[in-house]
Amino acid sequence: MGEVIRETVYVRRASGLVRELGMLESLSVALSGAIGAGINVLVLQGANLYPGANVPLAYVLVGLMTIPLSFVIAHIAGDLPRSSALYVFVSRTVNPLLGFLGGWGIILSSAFVIGTLSRAFAVNLGPFLVLAGRAAKSDSLIGAGQFLMTDTGILLTSFIMVLVFYLVLTFGARVYGKFMDIIFIIPLIGFVINLILFITTPPGSVKALYDATWGAGAYDEIVRLGVKYGYTPEAFAFQWGATFSIMSAAVFAYQGFERAAYVAGEVKSPKKTIMYSMFGGTILLFILYSLTAILSWSCYGDWIIMYNIAITKGVKELVINPPARSPFVAHLAASLIPGIPALQIFLYIAGLLWLFNTPPTRFLVASRTMFAMSFDRFLPEKVAYVHPKTGSPLVADTISFMLGIAGIIFAHYLGIYAAAVSATLFDQFLLLLVMMGALIYPFVKEDAWKAGYRYEYKGVPLITIVGIVTVAIQFIIYYLCVSTTSITALTFGAIWYGIGTIVFAYYYWKNKQRGIDPNLIFGEIPPA
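Numbering-wise, my numbering comes out as the position in the sequence shown, counting from 1, plus 26.
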């Protein structure tokens, strides 16, 4: 009976996707999905966005809350290794409409994330070329860097990035996986070197090292402009309220570890691979994030706040420092080793790759979610098309590409923080539904649970026990996101969900008209 149902209610008997991703590829997607602007940029902007915030504390607290969440998601994706496993899970355990709306929000949030990270990469590419030009005494590199710091250069670089990602995706999971491996390992090495530099550099020597890198007086130029345009110790004294508010940026930084769940249908040996890559990877993420936040702020202190002020309010008065659109962790680390230009350049490349390797993971989120919804016949069926040779869902990938272009324009003209907060709101809503579903999953989908990890504690499913904690955590995280989001963004989100409700109702009616019972669609786990 199950086979007949699958032939009848789904677009076809099998997804058509190929399991090509191994442990390293799955880990690459999970960590690359998380490590991006949130830890490379926003970790340095946080205290300026919310004066009085203790940024390192915020990142540690959110990290501790994220670890149990990752266990639940890894458990689900390992038990239900399908494309967009979280959408599939919520629509089968909680409610089909809520599952659809969760996926619907994820599709739009992907545009924001692709735009945010692509633009963040482009913004920092110019200063990198200027640094490389100074080290190599090359006027052409300096000139190229100066051009790429213009609006035209930033947008052009961002658009080219998205096009490259799209082309890579069209070659299928095998090519994509190898591509991700390369652009994951290199920045991971750079990340470790950054931490070593922050640990071994005495705060008292930072000024001399920074001046040796950028020119005499560069450090004090930042201090002068920071003070001129509003910095005082009193204005940025510690406040719990500000620290609580900036935790929304930390949430944005951590989110992404779950992206391996969206390609669970393309992972080899998913039961073993996904738990190690997502749950184990999140613990590693917590260590890296906590150390980066604590050590960078311990090394530079409130100078980071003044740097933010100088490159925004005082940017036209910068003479010694290279102009920059946003702070960057690699910039701070590279500025501590003036006598080693080759290593400085490597750190910039490694840091930029964290901004470069996150958008392609988000391509997968949008693409595989649209694919899964189409496979359920709740989006146009053409979206579920898979190329017979590459195993790539080309139509879904193409729509993701167009969303990325729109996201770049949004982030460029409305700001990286607006895009980040908007994306976080949609993402965390779906995760809230996932955590609620985890409570009842072993009971409403008993066959799937028994065929999966089947972890228990004294006869009680472990995912249910952890789910009690994670529902509370996720409510806190979602409150953080809502409380720091403007009424305009919240209204926009409500409108987007309203449109999604109409789309769901339309396809529900359409399927009924065709003689396909939506209850049968959402009553089964779709075929692999």
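Glycine is no exception: its CB is placed at the ideal position from the N, C-alpha and C atoms.
Problem set entry | Close Cβ partners of Met304 (< 8 Å) along its chain, the five nearest in sequence each way excluded | Ser52, Ala56, Ser96, Ile99, Ala100, Ala103, Phe283, Glu284, Ala286 and Ala287
For this session: Give, in chain order, every unbroken run of the alpha helix (DSSP H) that is at least 4 residues long and sits entirely within the stretch 404 to 476.
Result: 420 to 440 and 442 to 470
Problem set entry | Per-residue DSSP class, three states only, for Ser109 | strand
Problem set entry | Whole-angstrom distance between Leu390 and Asn206, CA atom to CA atom | Note that residue 206 corresponds to Met in the displayed sequence, not to Asn. When rounded, the distance between both Cα atoms is 12 Å.
Exercise. Would Glu29 be called buried (16 or more neighbouring beta carbons within 10 Å of its own) or exposed?
Worked result: Interpretation of Glu29 is limited by its pLDDT of 38, a score under 50 that renders its predicted location unreliable; the figure taken from the coordinates is listed afterwards. Burial call: exposed.
Exercise. Applying the criterion that 16 or more other CB atoms from any shown protein chain within 10 Å of the CB defines a buried residue, is Arg108 buried or exposed?
Worked result: buried
Exercise. Is there at least one non-hydrogen atom of the ligand ADP closer than 8 Å to the beta-carbon of Cys325?
Worked result: Judged by which ligands are present, the structure shown has none, so any question about the ligand ADP falls away.
Problem set entry | Within 9 Å, strictly: CB atoms of Ser418 and Thr239 | no
Exercise. Between which two residues does the alpha helix (DSSP H) containing Pro553 stretch?
Worked result: Here Pro553 belongs to no alpha helix (DSSP H), and DSSP marks it neither H nor E.
Problem set entry | Leu43, DSSP secondary structure in three states | coil
For this session: Pull up the distance between the alpha-carbon of Phe278 and that of Ala146, whole angstroms please.
Result: 14 Å
Exercise. Three-state secondary structure (DSSP) at Pro487?
Worked result: strand
Exercise. Which runs of the alpha helix (DSSP H) spanning at least 4 residues fall entirely within the stretch 160 to 222, listed in chain order?
Worked result: 165 to 174 and 177 to 195
For this session: Could you give the DSSP three-state label for Glu24: helix, strand or coil?
Result: Given a span of 27 to 554 for the chain in the structure shown, any question on residue 24 remains unanswerable.
Exercise. For Tyr192, which residues from the same chain have a beta carbon less than 6 Å from its beta carbon, with the 5 sequence-adjacent residues on both sides left out?
Worked result: Phe427
Exercise. By the 10 Å Cβ neighbour count, where 16 or more other Cβ atoms means buried, how is Thr517 classified, buried or exposed?
Worked result: exposed
Exercise. In this structure, does DSSP put Glu260 in helix, strand or coil?
Worked result: coil
For this session: Take the Cβ of Leu155 as the centre, count every other Cβ of all protein chains shown within 10 Å, and call the residue buried at 16 or more, exposed below.
Result: buried
Exercise. Going straight from the alpha carbon of Ile375 to that of Leu157, what length do you get?
Worked result: 11 Å
Exercise. Per DSSP, what kind of secondary structure is Val492 in: helix, strand or coil?
Worked result: helix
Problem set entry | Option nearest Ile272 by Cα separation, candidates Asp328, Pro487 and Val88 | Val88
Exercise. Quick one: is Gln370 buried, meaning 16 or more other Cβ sit within 10 Å of its Cβ, or exposed?
Worked result: buried
Exercise. Hey, out of Glu482, Ala336, Tyr534 and Val412, whose CA is closest to Arg403's CA?
Worked result: Tyr534
Problem set entry | Backbone secondary structure at Val289 - three-state DSSP | strand
For this session: Just mark Lys408 as buried or exposed, buried being the case when its beta carbon has 16 or more other beta carbons within 10 Å.
Result: exposed
Exercise. Are at least three pairs of beta-carbons, each pair with one atom in the stretch 510 to 524 and one in the stretch 457 to 471, less than 8 Å apart?
Worked result: no
Exercise. Taking the continuous alpha helix (DSSP H) assigned at Met399, which residues delimit it?
Worked result: Pro385 to Phe401
Exercise. Roughly how many angstroms lie between the CA atoms of Leu50 and Gly433, to the nearest whole one?
Worked result: 29 Å
Exercise. Tell me the DSSP bridge mates of Glu482?
Worked result: Pro487
Exercise. Straight-line CA distance for Leu378 to Tyr257?
Worked result: 29 Å
Exercise. Any chance the stretch 134 to 152 sits against the stretch 341 to 356, with 3 or more Cβ pairs inside 8 Å?
Worked result: yes
Exercise. Span of the alpha helix (DSSP H) holding Val345?
Worked result: From DSSP, Val345 is part of no alpha helix (DSSP H); its letter is neither H nor E.
For this session: Rounded to whole angstroms, what's the CA-CA distance from Ile31 to Val508? Just pull it up for me.
Result: Bear in mind that a pLDDT of 41 at Ile31, under 50, signals an unreliable position, so the model cannot answer this.
Problem set entry | Backbone secondary structure at Ala242 - three-state DSSP | coil
Exercise. Near Met27, what residues of its chain come up, given a Cβ to Cβ distance below 8 Å and the 5 sequence neighbours on each side ignored?
Worked result: With a pLDDT of 34 at Met27, under the threshold of 50, the predicted position of this residue should be treated as unreliable, though the coordinate-derived value follows. Counting only Cβ-Cβ distances below 8 Å, and skipping sequence neighbours, we find nothing.
For this session: Please confirm if the stretch 317 to 331 is in contact with the stretch 109 to 125, defined as three or more CB-CB distances below 8 Å between the two stretches.
Result: no
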